[in-house]
Amino acid sequence: MLRGAGLRMLSSVRSKRAELLSSAKITGAGVVTIGKLYTTSVMPYLIEDPKYAFLKDLGLSKTNLGGFDGKWIGSGKPLISVCPASNKPIAEVTTVTLAEYDEIIKATTEAWDIFVDLTAPRRGEIVHQIGEALRDKKAQLGRLISLEMGKIVQEGEGEVQEYIDICNYAMGLSRMLGGKSFPSERPGHVLLEQWNPLGPIGIISAFNFPIAVYGWNNAIAMVCGNTMVWKGAPSTPLCGVAVTKIIEKVLAANKLPGAICSLVTGATDIGEAIAKDERLPLVSFTGSCLAGQKVGTAVQGRFGKTILELGGNNAILVDETADIEMVVQAALFACVGTAGQRCTTARRMIVHEKVHDTVVERLTSAYGQVRLGDPLETSTLCGPLHSPQAVDAFLQSIKESQEQGGKVICGGKRVEHEGNFVEPTIVTGLKHDSPVVQKETFAPIVYILKCSSLDEAIRWNNEVKQGLSSSLFTQDIEKVFKWIGPKGSDCGIVNVNIPTNGAEIGGAFGGNKSTGWGRESGSDSWKQYMRRSTCTINYTKELPLAQGIQFG
């Protein structure tokens, strides 16, 4: 077991696998150019180790096909999935070619003609069955997420549970999808709002939630009557294959085409094809702001719809009345959970000057108890970063923070280990507008800033480009309503006395500004997966015109 910041670190020679990874290029969260990963590994695959027997329980093998449209296909280059805790290969997935991508889209389009004829409640029942099938494999899927992505197993299973929960939610939603009726100014007329499915849609998900993000989209899109093609992150391809195999069985049991939920595994060429494909009226993309801007521009260029879930430079605000024990407990999860690799991770803490030093002291003490290590071990609290490139980005941000006047209170170093481990880090002394504070680093670094008032804290919260999640810790009810009001946080998620991360499925999830304005999961997010029609129906033999116009 590796220990946290300030404790003794185990050292070992970094694996040869890490050297292979050194050629990979990050082109946006969830979008990776693989480089040498398109080679056959000379190292034993973890799937052959009895310790990881759960992989075969999920129907995975040493070599897997990465395309599905009712049948499994894939004749592209082999993609090697790598465990970030050891940089050892897990298994291979064969990518799809652009020609195979085209075949899959055709099959997904044909499947829509069948699926859309089912009633919404019937579609909801099928989604419920998917949720129950996931429940049967929850433990195995949770361990797969931990092995392939790197988050601790409790979070891995929690991610699967989130998919199960959204399936249950979607089943109920399937009986509540409805528009409004409006009174007409014309006698014998009625105005109705009708919602209809879009058709086949594209879903591009990121590495940090390799199953749940697809689940949010999949469950809601299905009850709305859409079919879909899913492209997961190239660095977590086994999650995509395993989930699709589970859904495949549910669809087959209901005598429905497998292409209702298609899969395309590949790199940026497949993502670009989805963005430009006019057969997909909607593309839901989760990833970095830079990559999302490119996807959004490409989709808008063909007048398609997008749901963009992009980055977040999220802040926890602490006023002088806050419960400090609660602040520390919440900040520990918000800053260190998933090794700082959630889009809702707290990257800034804006703390009132009266309690600043106390918060820093208490949080530093809590960081010292964080257990780093194998994410499959239940005692681990912080696993590895997802890739060696993420480690490099972490170290670069630490360097920049020191150059800009920051002081590393704890952490700040790479852990010498074969995996991609770093020390969770607290930095103080920086100005609120320091360049390093203004950028999002996907790693467990939090910048603690000292403020003098809530108004100042709100200004600092809102000055970053993103607007995803934020939280205020206070016992002052007046400040609560200011925080959630028009002069408060400009984020899509505005919390009080809870962490910035760990959202429930019942509310709409998403952010504003450079986060993309997209909304997924609960509330009325379902409307983004449908097309709206305003229908005016004349049920008389007269033809009065609106606004009293007389014509002819």
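The sequence shown maps to residues 2 to 553 in the working numbering.
Using N, Cα and C, we set each Cβ at its ideal position, and we do this for glycine too.
Just so it is clear, the structure is predicted and the values come from calculations on it, not from any experiment.
Item to check | Buried versus exposed, by CB contacts within 10 Å (16 or more), Q551 | outcome: Numbered from its first residue, the sequence shown carries residue 551 at position 550. The residue in question, Q551, is exposed, as its Cβ has fewer than 16 Cβ neighbours within 10 Å.
Item to check | Proximity below 8 Å, CB of I106 to CB of P201 | outcome: Position 105 of the sequence shown holds residue 106. Position 200 of the sequence shown holds residue 201. The beta carbons of I106 and P201 sit closer together than 8 Å.
Checklist entry - Which same chain residues, not among the five before or five after M531, have their C-beta less than 7 Å away from its C-beta? => result For the purposes of this step, residue 531 is identified with residue 530 of the sequence shown, where counting begins at 1. Excluding positions up to five away in sequence, the list reads W196, N197, P198, L199, C225.
Next on the checklist: Does N314 pass the burial test, meaning 16 or more other C-beta atoms within 10 Å, or should it be called exposed?
Outcome noted: For the purposes of this step, residue 314 is taken as the residue at position 313 of the sequence shown. N314 is buried by the Cβ-count criterion.
Next on the checklist: Looking at L469: is its Cβ nearer than 8 Å to the Cβ of C344?
Outcome noted: Locating residue 469 in the sequence shown gives position 468, counting from the first residue. Locating residue 344 in the sequence shown gives position 343, counting from the first residue. Contact: yes.
Next on the checklist: Out of T120, T379, A213, which one is the CA nearest neighbour of E160?
Outcome noted: Walking along the sequence shown from the start, residue 160 turns up at place 159. For E160, the nearest C-alpha among the options comes from A213.
Checklist entry - To the nearest angstrom, how far is it from the Cα of V300 to the Cα of V284? => result What you label residue 300 is simply residue 299 of the sequence shown in a count that begins at 1. What you label residue 284 is simply residue 283 of the sequence shown in a count that begins at 1. Straight-line Cα distance between these residues: approximately 7 Å.
Checklist entry - Can G511 and S524 be called in contact, C-beta distance under 8 Å? => result Residue 511 sits at position 510 when you count from the first residue of the sequence shown. Residue 524 sits at position 523 when you count from the first residue of the sequence shown. No, the pair does not count as a contact, with Cβ atoms beyond the cut-off.
Item to check | Contiguous alpha helix (DSSP H) assignments of at least 4 residues, all confined to the region 52 to 85 | outcome: Segments of the alpha helix (DSSP H) lying fully in the region 52 to 85: 55 to 58.
Checklist entry - D393 CB to nearest chain C CB: under 8 Å? => result In summary, chain C is missing from the structure at hand, where a single protein chain is found.
Checklist entry - Could you give the distance in angstroms between the alpha-carbon of V33 and the alpha-carbon of D118? => result Here residue 33 refers to the residue found at position 32 of the sequence shown. Here residue 118 refers to the residue found at position 117 of the sequence shown. Unreliable positioning characterises V33 in this predicted model, as indicated by a pLDDT of 33, which lies under 50. The coordinate reading is nonetheless provided below. Whole-angstrom Cα-Cα distance: 38 Å.
Next on the checklist: If we require 4 or more residues per run, which alpha helix (DSSP H) segments fall completely within the region 474 to 527?
Outcome noted: Every unbroken stretch of the alpha helix (DSSP H) spanning 4 or more residues and falling wholly within the region 474 to 527 is given here in chain order: 478 to 484.
Next on the checklist: Out of T96, W73, M150, which one is the CA nearest neighbour of T339?
Outcome noted: Residue 339 sits at position 338 when you count from the first residue of the sequence shown. Minimum Cα distance to T339 is reached at M150.
Item to check | Limits of the unbroken beta strand (DSSP E) element including L178 | outcome: Counting from one through the sequence shown, the residue named residue 178 turns up at place 177. It is not in any beta strand (DSSP E) - L178 carries neither H nor E in the DSSP assignment.
Checklist entry - How would you label T237, buried or exposed, when you count the other beta carbons within 10 angstroms and need 16 or more for buried? => result Here residue 237 refers to the residue found at position 236 of the sequence shown. Buried, because 16 or more other Cβ atoms sit within 10 Å of the Cβ of T237.
Checklist entry - Out of I131, G67, E158, which has the shortest C-alpha to C-alpha gap to Q141? => result Counting from 1 along the sequence shown, the entry for residue 141 is found at position 140. With distances taken between Cα atoms, Q141 lies closest to E158.
Checklist entry - Fully enclosed by the region 328 to 397, which alpha helix (DSSP H) runs are 4 residues long or longer? => result Complete alpha helix (DSSP H) runs here, min 4: 357 to 368.
Item to check | Nearest to N463 (by Cα), restricted to the options W527, Q439, E279, K89 | outcome: Working through the sequence shown from its first residue, we reach residue 463 at position 462. Per the Cα distances, Q439.
Next on the checklist: What does the alpha-carbon distance come out to for the pair D393 and C336?
Outcome noted: Residue mapping note: residue 393 aligns to position 392 of the sequence shown, counting from 1. Residue mapping note: residue 336 aligns to position 335 of the sequence shown, counting from 1. In this structure, the alpha-carbon of D393 lies about 19 Å from that of C336.
Checklist entry - Relative to the alpha-carbon of V43, which residue among L66, G486, V83 has its alpha-carbon at the smallest distance? => result Residue mapping note: residue 43 aligns to position 42 of the sequence shown, counting from 1. Selection L66, G486, V83 evaluated against V43 yields V83 as nearest (Cα-Cα).
Next on the checklist: Just to confirm, is the Cβ distance from D375 to A171 under 8 Å?
Outcome noted: Here the question's residue 375 lines up with position 374 in the sequence shown. Here the question's residue 171 lines up with position 170 in the sequence shown. Not in contact: D375 and A171 (Cβ atoms no closer than 8 Å).
Checklist entry - What are the boundary residues of the alpha helix (DSSP H) that includes E273? => result Here residue 273 is taken as the residue at index 272 of the sequence shown, counted from 1. Where E273 is concerned, the enclosing alpha helix (DSSP H) starts and stops at 269 to 277.
Item to check | Reference L257, options V242, S515, M223, E543, closest by Cα | outcome: By 1-based counting over the sequence shown, the position of residue 257 is 256. Considering only alpha carbons, the answer is M223.
Item to check | Secondary structure of M223, DSSP reduced to three states | outcome: Looking up residue 223 in the sequence shown gives position 222. In the structure shown, M223 adopts helical secondary structure according to DSSP, grouped into three states.
Item to check | Start-to-end residues for the alpha helix (DSSP H) that takes in Y102 | outcome: Here residue 102 refers to the residue found at position 101 when the sequence shown is read from its first residue. Its alpha helix (DSSP H) spans residues 99 to 116.
Next on the checklist: Quick check on DSSP: helix, strand or coil for R415?
Outcome noted: Within the sequence shown, the letter at position 414 stands for residue 415. Secondary structure of R415 (DSSP, three-state): strand.
Checklist entry - Just checking, does the region 301 to 321 make contact with the region 187 to 196 on the three C-beta pairs under 8 Å criterion? => result Output reads no: the region 187 to 196 does not touch the region 301 to 321.
Checklist entry - Can you find at least 3 beta carbon pairs, one from the region 387 to 401 and one from the region 447 to 464, that sit closer than 8 Å? => result Verdict: no, contact absent.
Checklist entry - With 16 other CB atoms within 10 Å as the buried threshold, where does P389 fall? => result Working through the sequence shown from its first residue, we reach residue 389 at position 388. Residue environment: P389 is assigned as buried (16 or more neighbouring CB atoms within 10 Å of its CB, all protein chains considered).
Checklist entry - Span of the beta strand (DSSP E) holding N197? => result The count along the sequence shown starts at 1 and reaches residue 197 at position 196. Run containing N197: 190 to 198, per the beta strand (DSSP E) assignment.
Checklist entry - Can you name the start and end residues of the beta strand (DSSP E) that S285 belongs to? => result Taking the first residue of the sequence shown as 1, we reach residue 285 at position 284. Where S285 is concerned, the enclosing beta strand (DSSP E) stretches over 283 to 287.
Checklist entry - What do you get for E627, buried or exposed, if any count of 16 or more other CB atoms within 10 angstroms of its CB means buried? => result There is no way to answer for residue 627, as the model of the chain reaches only from 2 to 553.
Next on the checklist: Measuring only the C-alpha atoms, how far is I167 from P122?
Outcome noted: Counting from 1 along the sequence shown, the entry for residue 167 is found at position 166. Counting from 1 along the sequence shown, the entry for residue 122 is found at position 121. Pairing I167 with P122, the inter-Cα distance amounts to about 15 Å.
Checklist entry - On the three-state DSSP scale, how would you describe P184? => result For the purposes of this step, residue 184 is identified with residue 183 of the sequence shown, where counting begins at 1. The DSSP-derived three-state label of P184 is strand.
Checklist entry - Using DSSP with H/G/I as helix, E/B as strand and the rest coil, what is Q405? => result As a working mapping, residue 405 is identified with position 404 in the sequence shown. Residue state, collapsed to three classes: coil.
Item to check | Of the residues L80, G68, I115, I131, the one placed nearest L99, counting alpha carbons only | outcome: For the purposes of this step, residue 99 is taken as the residue at position 98 of the sequence shown. For the set L80, G68, I115, I131, the Cα lying nearest the Cα of L99 is the one of G68.
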